[in-house]
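**Q** Residue numbering for the first sequence follows the numbering used here, beginning at 5 and increasing consecutively. The structure follows.
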Amino acid sequence: MGDSNIFNQIALKWQKRWEDTKIFEVKAYPGKKKFYCLEMYPYPSASGLHMGHARNYVIGDVLARYKRMNGYNVLYPMGYDSFGLPAENAAIQAKSHPKIFTEKAITNFIRQQKSLGLSYDWTRKIMSHSPEYYKWDQWTFLKMLEKGLAYKKQSLVNWCSKCNTVLANEQVTPKNTCWRHTNLEVESKELNQWYLKITDYAEQLLEGLDKLYGWTEEVKTMQRNWIGKSHGTKLWFDVIDEKGQKTDKISTYTTRPDTVYGITYLVLAVEHPKVIEWTKGTEYEQKAKDFIQEVKKKSIIERTAEGKEKNGMFLGKYFINPFTGDKCPLWIADYALYDYGTGAVMAVPAHDQRDFEFAKKYNLPIKVVISPTSWELNAERMSRAYIDPGILVESQDFNGMNNKDAIDEITNYAEQKGWGKRTVNYKLRDWLISRQRFWGCPIPIVYCDACGIVPVPEKDLPVILPEDIKFEGAENPLTKHEPFINTKCPNCGKPAKRETDTMDTFIDSSWYFIRYCDPANNTKIFDSNKVNYWLPIDQYIGGTEHATGHLIYFRFFTKFYRDLGLLKVDEPAVRLYNQGMLHLNGSVMSKSKGNVVLPEEVSEKYGIDTGRFYMMFVASPDKDMEWSSQGVEGSYRFLKKFFDLLSEKVSSEAIEKREESKLHSTIKQVTENIKAIKYNKAIISIMQFTNYLHNRNSISKQSAEALVKLISPFTPHISEELWEKLGHKQTISFENWPLHDENKIDAETDYLEEMLDNTRNDIISVMKLTNINKANKITLFVAEEWKYALANIVKQTLAETRNPKDIITKAMQDPQVKSKSQQAMKLIPKLTKESNLPKAVASQRKEHQVLNDARKLLEKEFKCTVVIVKEQDSNRHAKAVSALPGKCGVLLE
RNA sequence: GCGGGGGUAGCAAAGCCUGGUCAAAUGCGCAGGACUUAAGAUCCUGUCCCUUAGUGGGUUCGGGGGUUCGAAUCCCCUCCCCCGCACCA
């Protein structure tokens, strides 16, 4: 391989310098404005990172660099989500230790990330597999235990046979597969596991969403759905035996208490404990067991997909509907979910589609209690449930009531009678955190025959994951590691056994962003002062795929620490940015698909700045984009042009007015667009200004310096180099961001410059056409433009009225203006914006001035006399027209 | 079904919030030209259609309708694509 690219050499030079001078290391600095910019920390995969990952990091890096230049104390850290299965599986295969794989991968990640020029404060690096970090996972767990938020229970759980562990609800895909093995369905197992009571925070997690103004609606909606709050009513019914004796109670949850008079049966989920209880010793016992078996064989998706055929079975029991006194049958059915509500459903077949289908299949009665206003429902002839609003019928005292009102009224009535109670229900479930795997944070619990479940005392933390382990098969080697398992009960000192399950790795990522604020603290989880200074995260960047997992968990943890009094914020991140995916050859770039572009390739060929620039330029960072090697070439061409221009063509002359005007509007646009993370637009402004300067073949020092600053967040290495070439000794990274001066932006000047350019081109064209290469005199015919006519109208109208709309109308009535309405209207906003008369006049005056300037410039350029006459000066105009074919605006003499 | 995001010239992608300066930025691609022995690189010009030295005219922003002096932009209807949730009682 030959010499690497010049940009690459520059990149290496500056990366080394940044590292040597430690310029990106930060400290909490109370009183100084801060900005916390964070990308979701990665799992350090052995395959390293490709440009798709790089895109994500560059989005944050650009912002971090921009904020630094705006005087913010910027916290921009990186770390590794380094517990987890891939490393463990690799270790199993190689009969080695996951730590070895993990740390090797991390080393590689760091090397790659540094090569991207990311301005992280590397001293804050955290790795969740280090005992210094996971000690505080354990500490947090103990705190939760203390507060009653961690508990152990026997329950049906999701089990992935490939991962050989249980999974949280959030880790099961909608297709009911494991998130890591998307073609393997998860199984259901009944296990005794540790849970975190995230449901205690359901309401806060829901309400907090309204405060997250910097989150997309998409993610907030997903979280709302996931939390799944609904208002309803709990109703309980007396259960009777065949003789009519009351034997038990059953409670149900409904959002439709207005339909209680239409209940004709009740179904329980198969998991409901009452099923076994009630059928015990009856003729239904075996049948029920078989039915449950049958249902459990099916996957959750088979059971719960909408439209699936519903199956059920009568339980041989009845209940009394207290509203009507009717005796109705109790069933079990596969469509009832044990997880939701109370695990039992009061069935109203006339007004619920699922109940309707079930009733039809098993010939259960259908009773209409809500009637549409304009026609009559006939229970026998219904082909589907009636779920629209209507008027109550067959509902005793509530007959005739609008069903919406009846929801409230009937609930009141039920509460009065003691039959039911208003409740709020959530779909959110508690978080199952036990994992039957080795490579995770040990759960700090000891089981003692005498004392039961005993937490490891805080002083004994961390419970360390042993290094001398042997993998045999896929099983967690901790279960056979005697020195780990065998311990003494912290309570009574007798021999006891340690919990061998480890925690879900999402625990690690639930608070890592807090630890960054105080990463090396070994006396407590973090220092509150430091954390209160840095939090909340001002800009969080990561994929939408975490919407209902990590992004809920980290909010939960934040609220928990807040309740412990450790920090003050309610929400971890006020702004969340979801980046788009990078594609190659039409599909998402990924190692497993084999369609990756590596940062190394890009660096070698073009320098990494080119890659950064290209990715930020092609599309808005939140949109998916396609990698195109030709596109990268284009960016490279531009950067070379940019680099040459600023290295060689910087002049010492004072900045010209027009250049200054363009410079200031460029500063304005770039700044606004970076702020809004519309980097693509910011870059385009930079390109346009650069191209403008390039055509003029010179650039003032003022523009040069501003331009280098403006581009520096995107192409930091090249920018440092140019900054140095411009004679600066300090890094550009902390230079003041350029400010634009609105007064220097002069649209009028820009417009007139364009006009001058056109005129110049006209003259050249005419010269060519007439074979004249030098004219002594050039006469320009400038149209007595509609502008003046319009300005007059505006002036007049303004004198009469102050309503811009009137002006427009009046202008349209003027035949002269109307004929050129399209062009004429272009000027209207300018003139009417502030409805102020002097401005209209001023703009008129200015035009004359500039025409004069134009004349001078043209005279200089063409070395001749230039005469400007109004087009209406018809003599001269006629002469011009006759001198050349067509209508002529330029006459050469 | 519910919720979210989209459909713009050969391709990618701006513009839409705040209607007029929009035949619509920018990049890629393509065509022509300059330079060169040549290729590459670089630079210039063009790139919806017709016409022009410049101007100008015509038809465009998924489809249809409306509001307006004026619509890619606002409103209504409709078609298509993507993504989340989904028998949640």
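Quick reminder that beta carbons are idealized off the backbone N, C-alpha and C, glycines included.
Measure how close the beta-carbons of Pro717 and Ile678 come, nearest whole angstrom, since I'm counting them as under 8 Å.
**A** Indeed, because the Cβ distance is near 7 Å, the residues count as touching under 8 Å.
**Q** What would DSSP say about Trp183, mapped onto helix, strand or coil?
**A** DSSP places Trp183 in coil when its eight states are reduced to three.
**Q** Using the C-alpha atoms, what's the distance from Val674 back to Leu580?
**A** About 21 Å.
**Q** Looking at the secondary structure, which residues open and close the alpha helix (DSSP H) in which Leu903 lies?
**A** No answer is possible for residue 903: it lies beyond the span of the chain, which begins at 5 and ends at 897.
**Q** Going by other Cβ atoms of all chains shown within 10 Å of its Cβ, with 16 needed for buried, is His550 buried or exposed?
**A** Burial call: buried.
**Q** If you reduce the DSSP assignment to three classes, tell me which class Asn189 lands in.
**A** In the sequence on display, residue 189 carries Glu and not Asn. Glu189: strand per DSSP, three-state reduction.
**Q** Does Lys609 come out as helix, strand or coil in the three-state DSSP assignment?
**A** If DSSP states are grouped into helix, strand and coil, Lys609 belongs with the helices.
**Q** Just to confirm before moving on: does the CB-CB distance between Thr502 and Val450 stay below 8 Å?
**A** It should be pointed out that residue 502 corresponds to Arg in this sequence rather than to Thr. Their beta carbons are under 8 Å apart, which means Arg502 touches Val450 by this criterion.
**Q** Could you check the C-alpha separation between Gly266 and Thr562 for me, to the nearest Å?
**A** One C-alpha to the other measures close to 45 Å.
**Q** In the DSSP assignment, the beta strand (DSSP E) including Arg502 goes from what residue to what residue?
**A** Per DSSP, Arg502 belongs to the beta strand (DSSP E) from 499-502.
**Q** Measure the alpha-carbon distance for Gln19 versus Ile556 and round it to whole angstroms.
**A** For Gln19 and Ile556, the distance between alpha carbons rounds to 36 Å.
**Q** Roughly how many whole angstroms lie between the Cα atoms of Gln357 and Ser596?
**A** Each residue's alpha carbon lies about 43 Å from the other.
**Q** Going by beta carbon distance, what residues of the same chain come within less than 7 Å of Pro481, once the five residues before and after it are set aside?
**A** Within the same chain, Pro481 has close Cβ partners Phe442, Ile473, Lys474, Phe475.
**Q** Do the stretch 424-431 and the stretch 276-283 make contact, defined as three or more Cβ pairs closer than 8 Å?
**A** Flag = no, the stretch 424-431 and the stretch 276-283 do not touch.
**Q** On the premise that Pro603 lies in contact with Met55, defined as a C-beta separation below 8 Å, what is that separation, rounded to the nearest angstrom?
**A** Right, their Cβ atoms sit about 6 Å apart.
**Q** For Pro81 and Cys41, what's the separation of their Cα atoms in angstroms?
**A** Approximately 8 Å, taken between the alpha carbons.
**Q** Alpha carbon to alpha carbon, how far is Ile336 from Gly316?
**A** Each residue's alpha carbon lies about 5 Å from the other.
**Q** Taking the beta strand (DSSP E) that Ser234 belongs to, which residues open and close that run?
**A** That run of the beta strand (DSSP E) goes 234-244.
**Q** Assign Asp412 to one of two classes, buried (16 or more other C-beta atoms within 10 Å of its C-beta) or exposed (fewer than that).
**A** The residue is exposed, with fewer than 16 neighbouring Cβ atoms inside 10 Å.
**Q** Near Leu195, what residues of its chain come up, given a Cβ to Cβ distance below 6 Å and the 5 sequence neighbours on each side ignored?
**A** Taken in chain order, the residues that qualify are Val161.
**Q** Out of Ile63, Trp379, Thr504, which has the shortest C-alpha to C-alpha gap to Thr169?
**A** Out of Ile63, Trp379, Thr504, Thr504 has the C-alpha closest to the C-alpha of Thr169.
**Q** Taking the alpha carbon of Trp741 as the point to measure from, which residue in Thr719, Thr735, Leu714 has its own alpha carbon closest?
**A** Nearest C-alpha to Trp741: Leu714.
**Q** Let me know the secondary structure DSSP gives Phe318 once reduced to three states.
**A** Of the three classes helix, strand and coil, the one that applies to Phe318 here is strand, per DSSP.
**Q** Kindly indicate which residue of Asn582, Leu568, Trp631, Asp409 has the alpha-carbon position closest to the one of Gly590.
**A** Per the Cα distances, Trp631.
**Q** Can you name the start and end residues of the alpha helix (DSSP H) that Trp22 belongs to?
**A** Its alpha helix (DSSP H) spans residues 10-25.
**Q** Do you know how far the Cα of Leu146 is from the Cα of Val156?
**A** Residue 156 is actually Lys in this sequence, not Val. Going by the C-alpha atoms only, they are around 13 Å apart.
**Q** Between Pro270 and Trp163, what straight-line distance do the alpha-carbon atoms span, to the nearest angstrom?
**A** A small correction: the amino acid at residue 270 is Leu; Pro does not occupy that position in the sequence shown. Looking at the two C-alpha atoms, the distance is approximately 30 Å.
**Q** Taking 8 Å as the threshold, find out whether the stretch 371-389 comes into contact with the stretch 340-351 through three or more Cβ pairs.
**A** Contact fails: fewer than three Cβ-Cβ distances are below 8 Å.
**Q** Could you check the C-alpha separation between Tyr640 and Ser119 for me, to the nearest Å?
**A** Answer to the nearest angstrom: the Cα atoms are 18 Å apart.
**Q** Taking only three categories from DSSP, how would you classify Phe323?
**A** Phe323 falls in the strand class under three-state DSSP.
**Q** What is the C-beta distance between Pro90 and Ser134, in whole angstroms, given that I count them as a contact (C-beta under 8 Å)?
**A** Contact flag wrong, Cβ pair sits at about 18 Å.
**Q** Where do the ends of the alpha helix (DSSP H) carrying Val674 lie?
**A** Residues 661-679.
**Q** Assign Ala418 to one of three DSSP states: helix, strand, or coil.
**A** Residue state, collapsed to three classes: helix.
**Q** Pull up the CB-CB distance for Tyr342 and Leu319, whole angstroms please, since I reckon it's below 8 Å.
**A** With a Cβ gap of about 15 Å, Tyr342 and Leu319 do not count as contacting.
**Q** Report yes or no: do the stretch 58-66 and the stretch 114-128 share at least 3 C-beta pairs separated by less than 8 Å?
**A** The stretch 58-66 is in contact with the stretch 114-128.
**Q** Comparing alpha-carbon positions, which option in Tyr61, Asn180, Asn699, His101 lies nearest Gln116?
**A** The residue with the shortest Cα to Cα distance from Gln116 is Tyr61.
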